[in-house]
Every structure is written in structure tokens, then in C-alpha cells.
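Residue numbers (our numbering): 952 to 1105.
Report on the following structure.
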Amino acid sequence: MEEQIDLSKVDVIIDRYRDKKGSLIKVLNDIQEEYFYLPEEALRKVAKGLDIPLSRIYGVATFYNAFSLHPRGRHLVHVCVGTTCYVRGSDGLLAAAKKDLGIDVGGISPDKQFSLATIHCLGCCSIAPVIKVDENAHGRMMEDKVPSVLRQYY
Ligand code: FES
């Protein structure tokens, strides 16, 4: 069941763009910055407030990878478990990330700052093993460095 969230900020965001045509992406971006994802109820408010079909809003929200329709933390941590990273110890990085964040893969840290996911090859095997936080790849990672890398994002 979706956690009850205060959507009052959505009204403020809608008002900000009410008379600006073609601003749907900016609206969705602002909502995601506020809630770290796009809550369904927020999208309904946008549809009503800006008189845009909900189907179009979902079309845009699902087209861009940057948008998430599911709750997640402020920062998205990907541990690469592709072959090259795996043979260079990514299982240890994953264990370190899980331990440091106190969550499993797919989880959100209690302070909502991080989500943890795995990925099969980030396309930068030459610097394996790699973890990626948001858009930043951290290569030649070592287990004991994981906490300090994550701390950079607080
Ligand atoms: S296998 Fe990890 S970057 Fe390619």
C-alpha cells in the first residue's frame, strides 16, 4: 500500500507553471525533486490542474528514465554485477553497500536518501568494479571505500 504523503507541494508546482505552455516535463521534474518519484495521486492532480490527459502524462513519465513511478530514495545507487565487475569483486561491493545503507537490493534507506539496485554492465568495464550513484560512475571501487563514496551524497 502506498504511504500517505502530503501532496500540498504539488499544488504549488502546478501554480508555478499554470500559464506556461509546454512545461509538463518541468512540472514532473519539480515533483520528482520534491518526492524523489512521481506519486500517482500527484499525476492526477497535474492532469486536472493543467488540463492535460492523464495518459499523456504517463506517456512522458514512462518515456524518460530519469522519472520513476515507484518510491525511491533521493539518490539511486547501482552496483554493477556484470561479468567483468563480478570477477573483480562486485559481490563484495554489493554487500558493503547493503550493510552501509541497511537495505537490500530494491530497498530505500530509512532516511530516504538512497535506493539500491544492481545492473548488468554500465559500459565502463575498463574501470571495473564500478558502482554508480545517480549519473556518476565510481570505478576501481573497493569494499572499504563504499561508505565514504556514499557519504559524498549526503
Ligand atoms: S561489467 Fe561492470 S561496467 Fe561492464
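Just so it is clear, CB atoms sit at the ideal spot from N, CA and C, and this is done for glycine as well.
Residue i and residue j closer than 8 angstroms at C-beta
i	j	result
K960	E985	yes
P1022	I1070	no
K1028	V1081	The question names Lys, yet the displayed sequence has Val at residue 1028. No, the pair does not count as a contact, with Cβ atoms beyond the cut-off.
L1045	V1030	yes
L1067	K1049	yes
D962	K999	no
R969	L1001	yes
Contact test: residue i Cβ vs the ligand FES heavy atom, cutoff 7 angstroms
i	result
V1024	The sequence as given places Gly at residue 1024; Val does not occur at that position. No.
A1047	no
A1068	no
L958	no
G1033	yes
G1074	yes
V1084	no
Inter-residue Cα distance where the pair is residue i and residue j
i	j	result
P1004	T1013	15 angstroms
Y1009	I1078	36 angstroms
V1100	G1057	19 angstroms
I976	G1090	32 angstroms
F1065	H1026	5 angstroms
T1035	F1018	29 angstroms
I964	Y1104	25 angstroms
G1043	L1020	30 angstroms
D981	R1007	17 angstroms
V1032	P990	29 angstroms
P1098	A1047	8 angstroms
M1093	D1062	25 angstroms
A1088	L979	25 angstroms
D1130	F987	Nothing can be reported for residue 1130, as the shown portion of the chain is limited to 952 through 1105.
V1038	D1095	17 angstroms
Per-residue DSSP class, three states only, for residue i
i	result
C1031	strand
K971	coil
I976	helix
D966	helix
K957	Contrary to the premise, residue 957 reads as Asp rather than Lys in this sequence. Three-state DSSP puts D957 in coil, outside helix and strand.
Pick out the complete alpha helix (DSSP H) segments inside the region 983-1019, 4 residues or longer, and give them in chain order.
991-1001, 1005-1014
Contained beta strand (DSSP E) runs [length at least 3] in the region 1016-1099, N- to C-terminal order
1026-1031, 1065-1070, 1082-1084, 1087-1089
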